[in-house]
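There are 2 protein chains.
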Amino acid sequence: MTPRKTPFAGDGEKSEANGAIRERNEREILAAAERIFAGHGYRGASLQAIAHEAGLPKSNVLYYMGSKRGLYVRLLERMMARWNALLDDISVEDDPADVLEGFIRSKMQLSRRHPEGSRLFAAEIIGGAPFLQYYLRGEMRDWVQARALIFEQWSARGLMDPVDPVWLIFLIWSATQHYADFEAQVLGITDKDTLTDNDVEAITGFLTQVILKGCGVAPRQA
Amino acid sequence: MTPRKTPFAGDGEKSEANGAIRERNEREILAAAERIFAGHGYRGASLQAIAHEAGLPKSNVLYYMGSKRGLYVRLLERMMARWNALLDDISVEDDPADVLEGFIRSKMQLSRRHPEGSRLFAAEIIGGAPFLQYYLRGEMRDWVQARALIFEQWSARGLMDPVDPVWLIFLIWSATQHYADFEAQVLGITDKDTLTDNDVEAITGFLTQVILKGCGVAPRQA
DNA sequence: AAACATCCTGACCACATGGTCAGCTCAGAA
DNA sequence: TTCTGAGCTGACCATGTGGTCAGGATGTTT
Chain A
2 MTPRKTPFAG DGEKSEANGA IRERNEREIL AAAERIFAGH GYRGASLQAI
52 AHEAGLPKSN VLYYMGSKRG LYVRLLERMM ARWNALLDDI SVEDDPADVL
102 EGFIRSKMQL SRRHPEGSRL FAAEIIGGAP FLQYYLRGEM RDWVQARALI
152 FEQWSARGLM DPVDPVWLIF LIWSATQHYA DFEAQVLGIT DKDTLTDNDV
202 EAITGFLTQV ILKGCGVAPR QA
Chain B
2 MTPRKTPFAG DGEKSEANGA IRERNEREIL AAAERIFAGH GYRGASLQAI
52 AHEAGLPKSN VLYYMGSKRG LYVRLLERMM ARWNALLDDI SVEDDPADVL
102 EGFIRSKMQL SRRHPEGSRL FAAEIIGGAP FLQYYLRGEM RDWVQARALI
152 FEQWSARGLM DPVDPVWLIF LIWSATQHYA DFEAQVLGIT DKDTLTDNDV
202 EAITGFLTQV ILKGCGVAPR QA
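Respectively, the protein sequence lines represent chains A and B.
Its first residue numbered 2, the first sequence is counted upward by one per residue in this note's numbering.
Its first residue numbered 2, the second sequence is counted upward by one per residue in this note's numbering.
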C-alpha cells in the first residue's frame with residue numbers, strides 16, 4: 002500500500018513518492034527561470050544564472066527542461082494559459098460598466114499575481130515577439146476583435162461614446178500592465194519599497210473611474 | 002576661419018575634415034546599438050551583433066566606444082536628454098486641457114520618433130533599472146512631484162476631478178509608451194504592417210479625448 | 001619627405017555560454 | 001542479491017563573449 006507521503010512543500014528533504022520530486026524541482030526551476038528571463042530577456046538569461054537561482058546544478062536544469070529554448074517556450078505557454086484562464090465571454094446584453102471594470106480588475110490581478118510572468122511577456126513583445134507571433138496573430142487577435150464588435154454595438158446603442166474599441170482595449174492593457182512591468186519606475190518615483198494591496202486597490206479604482214467616465218459609460222447598471 | 006564643412010549625412014565617402022569621420026561613425030554605431038540593445042536588453046546584446054548592424058568590425062566599435070557598458074550608458078543618457086528636451090514648465094495658471102493634451106502629444110511623438118530608444122528604456126526599467134535608479138529617484142521624481150502639485154491645485158479649483166495626479170501621470174505615460182514598446186503586439190492584433198501617421202494621429206486624439214473627459218477636464222479653454 | 005596624429009583591424013586572450021555524456025546514487029521490485 | 005530505472009552531476013566540448021594590442025593604413029602639416 003505505502004501510505005503515500007504527502008507531497009506538501011516543507012516536508013522531508015528526500016524520498017517523495019511517485020514523480021513528486023520531479024514536480025517540485027520543475028516548479029522550482031520554472032519559478033527561477035521566470036525571474037531570470039524576465040530580468041534579462043531570452044538571450045540575456047543564462048542557464049547558469051537560472052540554475053543558481055533555483056539552487057541546482059546547471060546539468061540538473063537541462064536534465065528536467067531539455068534545452069534553454071524549451072524552457073523559455075514552456076514559460077511563455079504557462080503565461081498564456083494564465084491569461085486565457087481569466088477570460089470570460091461577454092455578450093451585448095451585459096452591462097458595459099460591469100464588463101469594463103471586470104476587465105480592468107482581472108488584468109490588474111494577473112499582473113500583480115505574476116509580475117515576473119508579466120515582465121517576461123513584455124520583454125518578449127519588446128524584442129519583436131519572435132516566439133509569440135503566431136499567438137498574437139491568432140487567438141489574441143480573435144479575442145480582441147470579438148470584444149471590439151461588442152463595444153461597437155454598445156456605442157451604437159448609446160451605452161458608451163463612439164470610441165475606437167481596439168484603442169480602448171490597448172489603453173486598458175497598457176495601463177494595467179504598467180504597474181507590473183515598470184514597477185521599478187513606479188517605486189522609484191513614488192519612493193516606495195513595494196506596492197501594497199491598498200495601493201493596488203486605489204490604482205484599480207482610479208483607472209476604472211477615469212476610463213469608464215472617459216468613454217462615457219455610466220458607472221454601474223445602465 | 003576654415004569654412005566648416007557641413008556635417009550633413011550623405012556627403013562624401015571619405016576624407017571629412019576634423020573629427021567628421023569620428024562623428025559619422027559614432028552616429029552609425031549609436032543607431033545600431035540602440036536597435037540591438039532595444040531588442041535584446043543589455044546582457045542579451047553582443048558587440049558582435051552591434052558591429053555587424055553598423056557594418057564595422059567589432060574592434061572599431063570598441064575603438065570608438067571604449068566598452069559595452071560605456072556604450073549602453075551613453076545611449077541611456079541620450080534618451081534621457083531627448084526626454085528632458087520636450088519638458089516645458091507649466092504653471093497653475095495654464096489651461097489644464099492644453100497642458101494634458103500637450104503632454105500626451107509630445108510623449109507620443111517622442112515614442113514615435115525614437116521607438117528603439119523607447120524600447121531600450123523600457124527594457125532597462127523592466128530589468129529593474131540597474132543603470133537608471135539614480136535618475137528615477139532624482140530628476141524624474143522631482144519632475145513628477147512638481148506636476149502633481151499643480152494638478153492638485155487644479156483639482157482644488159474645480160478645473161478637474163480630484164484624481165490622484167501621480168497615477169494620472171503614469172496612465173498617460175503607459176498609454177503613450179505602449180505603441181512604441183508593444184508595437185509588435187499592436188501590429189499583430191490589428192493586422193497592419195506599420196502604424197501610419199494617420200493611425201498615430203487617431204490614437205493621440207482618442208487618448209486625449211478619453212483621458213481629459215475621464216478626469217473631468219473641459220476640452221479646451223476652461 | 002619626414003613627422004605626426006588619427007583611423008582602423010586581425011589576431012589573440014581569458015572566460016562564459018548552451019549542451020552532451022558517462023557514470024554515479026539510491027529506492028524499490030524480482 | 002541482483003536488477004531496474006529515475007534522479008543526478010562533474011567533466012568536457014565547440015562556440016561566443018568583452019576586451020586588448022601591436023601594427024598597419026591614411027591623410028595633414030611641416
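All residues carry an ideal CB built from backbone N, CA and C; glycine is no exception.
| Asked | Found |
| --- | --- |
| Can you pull the chain B neighbours of Arg114/A, defined as C-beta to C-beta under 9 Å? | Under the 9 Å cutoff, chain B gives no residues; its nearest Cβ is about 18 Å from Arg114/A. |
| For Ser107/B, which residues in the same chain have their Cβ closer than 8 Å to its Cβ, ignoring the five residues on either side in sequence? | Leu87 |
| Is the separation between the beta-carbon of Met161/A and that of Pro220/A shorter than 7 Å? | no |
| Taking only three categories from DSSP, how would you classify Gly71/B? | helix |
| So if I threshold CB-CB distances at 7 Å, which residues from the region 49-73 of chain B count as touching chain A? | none |
| If the cut is a Cβ gap below 7 Å, which residues of chain A does Lys214/B touch? | Lys214 and Gly215 |
| Alpha carbon to alpha carbon, what distance is there between Thr205/A and Trp155/A? | 23 Å |
| Quick one: which unbroken alpha helix (DSSP H) runs of 4-plus residues sit fully inside the region 114-182 of chain A? Chain order, please. | 116-127, 142-157 and 166-182 |
| Give me the chain B residues within the contact set of Asp192/A, using Cβ-Cβ distance strictly less than 8 Å, ordered along the chain. | Arg138 and Arg142 |
| For Thr177/A and Ser112/A, which I take to be in contact (beta-carbon distance under 8 Å), what is that distance rounded to the nearest angstrom? | 6 Å |
| Any beta carbon from chain A within less than 7 Å of Gly206/B's own beta carbon? | no |
| Terminal residues of the continuous alpha helix (DSSP H) containing Ile212/B? | Asp198 to Gly215 |
| Could you check what DSSP says for Leu57/A in three-state terms: helix, strand or coil? | coil |
| Kindly list the residues whose CB is nearer than 8 Å to the CB of Asp201/A, restricted to its own chain and excluding five residues on each side of it in sequence; keep chain order. | In the sequence as presented, Asp is not what sits at residue 201/A; that position holds Val. Excluding residues within five positions, the ones whose Cβ falls inside 8 Å are Met109, Arg113 and Tyr180. |
| Using 7 Å as the threshold, is the C-beta distance between Leu72/A and Ala34/A below it? | yes |
| Mind listing the chain A neighbours of Gly129/B? Cutoff is C-beta to C-beta under 8 Å, in chain order. | Gly40 and Ala185 |
| Using a Cβ-Cβ cutoff of less than 7 Å, which residues in the same chain neighbour Gly67/A once the five nearest sequence positions on both sides are dropped? | none |
| With distances taken between CB atoms, is the gap from Glu182/B to Arg142/B smaller than 7 Å? | Strictly speaking, residue 182/B in this sequence is Asp, with Glu absent from that position. Not in contact: Asp182/B and Arg142/B (Cβ atoms no closer than 7 Å). |
| CA-CA distance, Glu153/A and Met80/B? | 39 Å |
| Skipping 5 residues on each side, what residues in its chain have a beta carbon closer than 7 Å to that of Phe207/A? | none |
| With C-beta atoms as the reference, is Pro166/B less than 7 Å away from Ala185/B? | no |
| According to DSSP, is Glu94/B helix, strand or coil? | coil |
| Write down the C-beta distance between Glu117/A and Ala39/A rounded to the nearest angstrom, noting that I regard them as a contact closer than 8 Å. | 4 Å |
| Between the alpha carbons of Ala147/B and Thr209/B, how many angstroms are there, rounded? | 21 Å |
| What does Trp155/B reach in chain A if we use C-beta pairs closer than 8 Å? | Result: empty, since nearest Cβ-Cβ is about 15 Å, beyond 8 Å. |
| With 16 other CB atoms within 10 Å as the buried threshold, where does Glu24/B fall? | exposed |
| Just the chain A side, please: which residues come within less than 7 Å of Ala44/B by C-beta, in chain order? | Note on residue identity: the sequence assigns Arg, not Ala, to residue 44/B. The answer, in chain order, is His41 and Gly45. |
| Going along chain B in order, which residues have a C-beta closer than 8 Å to the C-beta of Ser175/A? | Ser175, Ala176, Gln178, His179 and Phe183 |
| Provide the residue span of the alpha helix (DSSP H) that contains Ala46/B, from first to last. | Ala46/B -> no alpha helix (DSSP H), and no H or E assigned at all. |
| With a cut-off of 7 Å, does the C-beta of Trp168/B fall near any C-beta of chain A? | yes |
| Measuring only between beta-carbons, confirm whether Ala123/A sits less than 7 Å from chain B. | yes |
| Within the continuous alpha helix (DSSP H) that includes Leu88/B, where are the two ends? | Neither: Leu88/B is in no alpha helix (DSSP H) and is coded neither H nor E. |
| Quick check: what's the CA-CA separation for Glu14/B versus Ile51/B? | Note that Glu14/B scores 32 on pLDDT, short of 50, meaning its location in the model is unreliable; the coordinates nonetheless yield the value given after this. Those two C-alpha atoms are separated by around 21 Å. |
| Classify Ala130/A: buried if its beta carbon has 16 or more other beta carbons within 10 angstroms, exposed otherwise. | buried |
| I want to see whether chain B comes within less than 7 Å of Arg120/A, judged by CB atoms only; does it? | yes |
| Could you give the DSSP three-state label for Ala18/A: helix, strand or coil? | Because the pLDDT at Ala18/A is just 46, under 50, the model does not fix this residue reliably, and the point stays unresolved. |
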